[in-house]
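>
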Amino acid sequence: MTRRSPGRPARAALLTLLAVGSLVACTGPDPAPAPTTAPTASSAPSTPAATASEPAAPAPTADALTFHPEGRIDDFPPNAPEADVVAHLTERLGAGPETLDAEYACDTAGQPGRLLGWPGLRVFVLTSDPEGGETAPYVGGWSLLDEEGGDPASATAEGLRIGDPEDRVAELYPSAVNGEPSADGQRWWYTRDDGGYTVIASDEGAGAVVGAIGSGFLCIAS
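First residue of the sequence shown: 1, per UniProt numbering; consecutive thereafter.
#1: Quick one: residues in its chain with C-beta nearer than 7 Å to the C-beta of G196, no 5 flanking neighbours on either side, listed in chain order?
#2: Taking L93 as the reference, which of A153, R114, G207, L218 has the closest Cα?
#3: Can you tell me whether P130 is buried or exposed, with buried defined as 16 or more other CB within 10 angstroms of its CB?
#4: Taking Cβ positions, are T198 and L218 nearer each other than 7 Å?
#5: Let's see if you can read the secondary structure: which residues bound the alpha helix (DSSP H) around residue 223?
#6: Confirm, please, whether the CB-CB distance from A102 to G113 is below 7 Å.
#7: In the structure shown, what three-state DSSP assignment does E134 receive?
#8: Can you tell me whether T156 is buried or exposed, with buried defined as 16 or more other CB within 10 angstroms of its CB?
#9: Could you please give the first and the last residue of the uninterrupted alpha helix (DSSP H) stretch that includes E98?
#10: Please return the same chain residues whose Cβ sits closer than 6 Å to the Cβ of R122, not counting the five positions on each side in sequence.
#11: Please report how far the alpha carbon of V24 lies from the alpha carbon of D63, in whole angstroms.
#12: Just reading off the alpha helix (DSSP H) that R168 is part of, what are its end residues?
#13: Taking Cβ to Cβ, would you say G120 is nearer than 7 Å to L100?
#14: If you count every other CB in all the chains shown that lies within 10 Å of the CB of P77, and 16 or more means buried, which is it?
#15: With DSSP run on the structure shown, which of helix, strand or coil describes G159?
#16: Throw me the rounded Cβ distance for the I200 and I162 pair, which I believe falls under 8 Å.
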């Protein structure tokens, strides 16, 4: 597994069409009371009151995506077929992925497959089994990144999100371990015993926050 420091690549953004709204129920005005006296022949008919138009209700929004250990996304099992996972993500995110690398899931490791990207999300598609034999394309891992357009509601199964304070890692994963900060201020956390994630926190002057989360096959490109 090759790891590289996460950056904020200037990719062609695919807008995530997630909106939160509530249904608005409207009722018309109460009917006018019946007249107490019969109108005379010279009486002018009353003008009916104008009825306010009912505002259109926004469409309901799907729940946020949940990311699990072993490179799993939502309810898919480990090593789920690429076509099934990509179709699911495309429906949920409102757009298909950008193919960031059509030949390798991780070019520096020479791992054959594909690297697919949505804003703030990378999916690693592998085309070889652990022994190196060719196999049908499957999703081997994912990573969440601090990137413009990413869905801030996306989280691990335990609730860790991009932008959370670094202390949140130890709070959710008490047995997580970490190393010394690197020269660029990044600290790597490993939650293999109780969560199966790799987390990178960085401090840009306002306190260390979570900048990347990954599971399964992991190759975070800069």
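Where is the CB? At the ideal position from N, CA and C, for every residue including glycine.
With the structure as the only source:
#1: Looking up residue 196 in the sequence shown gives position 196. Around G196: P69, E70, S215.
#2: Counted from its first residue, the sequence shown places residue 93 at position 93. When A153, R114, G207, L218 are compared, the shortest CA-CA separation from L93 is found for A153.
#3: As a working mapping, residue 130 is identified with position 130 in the sequence shown. Exposed, by the Cβ-count rule.
#4: Taking the sequence shown and counting its residues from 1, one reaches residue 198 at position 198. Taking the sequence shown and counting its residues from 1, one reaches residue 218 at position 218. Contact: yes.
#5: Any property of residue 223 remains undetermined from this structure, which presents the chain solely from 1 to 222.
#6: Walking along the sequence shown from the start, residue 113 turns up at place 113. Walking along the sequence shown from the start, residue 102 turns up at place 102. Going by C-beta atoms, G113 is not nearer than 7 Å to A102.
#7: The count along the sequence shown starts at 1 and reaches residue 134 at position 134. When DSSP states are grouped into helix, strand and coil, E134 belongs to the strand group.
#8: Position 156 of the sequence shown, counted from the start, is the residue given in the question as residue 156. Buried.
#9: Here residue 98 is taken as the residue at index 98 of the sequence shown, counted from 1. From DSSP, E98 is part of no alpha helix (DSSP H) but of the beta strand (DSSP E) over 98-101.
#10: As a position in the sequence shown, residue 122 is number 122, starting the count at 1. Result list for R122: S143, in chain order.
#11: By one-based count along the sequence shown, residue 24 stands at place 24. By one-based count along the sequence shown, residue 63 stands at place 63. Residue confidence for V24 is low, a pLDDT of 27 falling below 50, so the modelled location carries little weight and cannot support an answer.
#12: For this step, residue 168 is matched to residue 168 along the sequence shown. Counting along the chain, the alpha helix (DSSP H) containing R168 begins and ends at 167-172.
#13: Here residue 120 refers to the residue found at position 120 of the sequence shown. Here residue 100 refers to the residue found at position 100 of the sequence shown. No, the Cβ-Cβ distance between G120 and L100 is not below 7 Å.
#14: What you label residue 77 is simply residue 77 of the sequence shown in a count that begins at 1. So P77 ends up on the exposed side.
#15: Counting from one through the sequence shown, the residue named residue 159 turns up at place 159. Correct three-state label for G159: coil.
#16: Your numbering for residue 200 matches position 200 in the sequence shown. Your numbering for residue 162 matches position 162 in the sequence shown. No, I200 and I162 are not in contact; Cβ-Cβ is about 10 Å, not under 8 Å.
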